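Data first, discussion second: the structure below is written as structure tokens.
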Amino acid sequence: MSLRIGMMVFDGMTMLDASGPAEVFNLADPERQHYEVVCISPAGGPVVSSSGLELSRTIPAVDAGALDTLLVVGGASLPHGGVPPDLLNAVESLAPGTRRVASVCTGAFVLAELGYLNDRRATTHWRHAHTLAARYPRITVEPDVIHIRDGRYLTSAGISAGIDLTLAMVEEDLGVQTARETARELVVFMHRPGGQTQFSTALTTPPVQTGKLRSIMDSILVNPAYEHTVASMGASAGVSVRHLNRMFQAEAGTTPARWLERVRVDAAQSLILDGHPITLVAQLSGFGSDETLRRAFARQLDTTPTSFRDRFATTRKARAVTGGPSTHDSSSARPGPGAKP
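Residue 256 in numbering that gives the first Met the number 0 sits at position 257 of the sequence shown; the count goes up by one each step and never skips.
Structure representation (structure tokens):
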């Protein structure tokens with residue numbers, strides 16, 4: 000079996016979107032018995048990434064030939080400046096004959112503009128998920144998944160998630176053992192725990208205008224461990240709980256209870272990464288108990304405090320923690336009338 004993988008690259012692309020998947024395919028098949036990876040661009044020739052690194056030779060789309068899989072990388076300009084027509088034409092000329100069409104990060108905007116994701120589930124970088132959903136209302140955007148497949152179309156989250164996506168393709172093509180060995184060689188999870196939320200800057204709440212509300216929110220950010228409640232927040236603002244809920248919905252786009260929990264989860268993440276035991280983290284972040292902390296992590300991050308610590312706490316201090324979790328903390332388009340085939 001020889002599968003030809005075409006990676007669609009372009010000036011301004013994110014280099015890791017291409018190099019990450021390429022290295023997965025290379026490690027999964029070092030003897031080149033199963034995969035042939037080629038870099039394709041709209042016009043061929045050198046392509047310069049956003050970091051200034053250059054791919055010196057790429058194949059022009061018109062000469063690419065037959066492909067098993069087309070993988071479109073992302074670039075920072077795609078959600079903002081639109082998709083260049085030559086990139087759209089290049090992808091459109093190659094996608095119909097492939098078994099799989101995939102995108103890394105904001106490469107989803109290319110597939111969306113061509114209509115390939117209409118009436119399908121898809122994802123992209125969490126920062127641009129709202130833009131994708133608003134611009135292409137026929138797509139069901141799922142912002143908190145690492146990668147997703149709907150039919151022959153695969154989309155992945157931000158940048159390094161292209162590695163996760165490619166491991167899933169290797170598992171499909173060459174089996175679970177090869178994918179597992181490749182993940183081990185890369186020192187990554189074969190199936191990453193949790194979703195994208197755990198990587199976002201936690202407090203993405205829009206700035207509020209009401210002075211009283213802003214003052215309450217600032218005081219909680221400074222000291223999330225204090226015994227804050229929705230009732231105490233309302234009392235501080237001099238309004239009823241019902242009115243406080245209306246204020247939060249109007250200015251912050253959420254409820255005070257959800258916002259408070261998100262602030263505390265954010266504080267807990269930082270404490271975990273500093274190497275504190277889970278029980279102490281629960282106390283210092285305002286949750287009080289391991290179980291309450293675990294439930295909040297499940298709601299907000301779709302993972303557990305222990306799994307988060309094991310995945311991200313890389314300092315010597317964090318690895319030396321022996322306080323451990325409680326017994327409760329166990330891990331866990333182009334315009335057109337319809338989608339194109």
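We put the CB at the ideal spot given by N, CA and C, even for glycine. Since this is a predicted model, take the numbers as computed values, not measurements.
With a threshold of 8 Å on Cβ separation, who are the neighbours of Gly-237 within its own chain once the five nearest residues in sequence on each side are excluded?
Only Lys-211 meet the Cβ criterion.
Could you tell me the alpha carbon to alpha carbon distance between Val-280 and Ala-160, rounded to whole angstroms?
Val-280 and Ala-160: Cα-Cα distance of roughly 28 Å.
Taking DSSP as the reference, what is the three-state secondary structure of Leu-69?
Residue state, collapsed to three classes: strand.
Can you tell me whether Asp-149 is helix, strand or coil according to DSSP?
Reduced to three states, the DSSP call for Asp-149 is strand.
For Leu-54, which residues of its own chain have a beta-carbon under 7 Å away from its beta-carbon, when the five flanking residues on both sides are left out?
Excluding residues within five positions, the ones whose Cβ falls inside 7 Å are Val-8, Cys-38, Pro-45 and Val-46.
With distances taken between CB atoms, is the gap from Gly-73 to Thr-57 smaller than 8 Å?
The answer is no: Cβ separation not under 8 Å.
Please classify Thr-177: does DSSP put it in a helix, a strand, or coil?
Helix.
If we require 4 or more residues per run, which alpha helix (DSSP H) segments fall completely within the stretch 60-117?
Qualifying alpha helix (DSSP H) stretches, in chain order: 77-80, 84-93 and 107-112.
Roughly how many angstroms separate the alpha carbons of Thr-314 and Ala-60, rounded to a whole number?
Low per-residue confidence applies at Thr-314: pLDDT is 38, beneath 50, and the placement is therefore not dependable, though the value from the model is reported in the following sentence. Rounded to the nearest angstrom, the two C-alpha atoms are 45 Å apart.
Mind checking Arg-318: buried by the 16 CB within 10 Å criterion, or exposed?
Residue confidence for Arg-318 is low, a pLDDT of 34 falling below 50, so the modelled location carries little weight; the figure read from the coordinates is stated next. The residue in question, Arg-318, is exposed, as its Cβ has fewer than 16 Cβ neighbours within 10 Å.
DSSP state of Arg-263, grouped into three classes?
Of the three classes helix, strand and coil, the one that applies to Arg-263 here is helix, per DSSP.
Going along the chain, which residues of its own chain have a beta-carbon closer than 6 Å to the beta-carbon of Pro-41, five neighbours each way excluded?
Correct list, in chain order: Ala-60, Asp-85, Leu-86 and Ala-89.
Where Ala-133 and Ala-121 are concerned, what is the direct C-alpha to C-alpha distance, given to the nearest angstrom?
If I take the Cα positions, the gap works out to 13 Å.
What number of angstroms, rounded off, separates the C-alpha of Thr-301 from the C-alpha of Asp-143?
Checking the displayed sequence, the identity of residue 301 turns out to be Asp instead of Thr. Each residue's Cα considered, the two are about 9 Å apart.
Identify, in the order they occur along the chain, each residue of the same chain with its Cβ nearer than 7 Å to the Cβ of Pro-223, setting aside the five sequence neighbours on each side.
So the qualifying residues of the chain are Val-262, Arg-263, Ala-266, Ser-284 and Gly-285.
Helix, strand or coil for Arg-241 per DSSP?
The answer is helix: DSSP assigns Arg-241 an H, G or I state.
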